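In my numbering, the protein residues as written are 441 to 508.
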C-alpha cells in the first residue's frame, strides 16, 4: 500500500466517526496528490474539532440554564 492509499484509508476512518460507514473510491487517487489528501485530512480534523468545541459550549450554556 503506497502513501496515498494509506492517507485515503485514514480519511475514510475519520469520516466514519461522524458520518457512519463510508468508502471512498480508490479512483480518486489518480487525481489527488498526497498533499491534497493531507489537506483534506487536516480539514476534517479541524471540522471535527470545531464540532466538539461547539458541543462543549452548548453543554456549558445548558448547564448554566439548568442550574438557575
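Where is the CB? At the ideal position from N, CA and C, for every residue including glycine. Predicted, not measured: the structure shown is a model, and the values here were computed from it.
Quiz item: Within the chosen definition, does the region 470 to 484 reach the region 446 to 454 through at least 3 CB pairs nearer than 8 Å?
Solution: yes
Self-check item: Helix, strand or coil at residue 520 [DSSP, three-state]
Solution: Shown here, the chain extends from 441 to 508; a query on residue 520 therefore has no answer.
Exercise. With distances taken Cα to Cα, identify the nearest neighbour of residue 463 among 476, 502 and 449.
Key: 449
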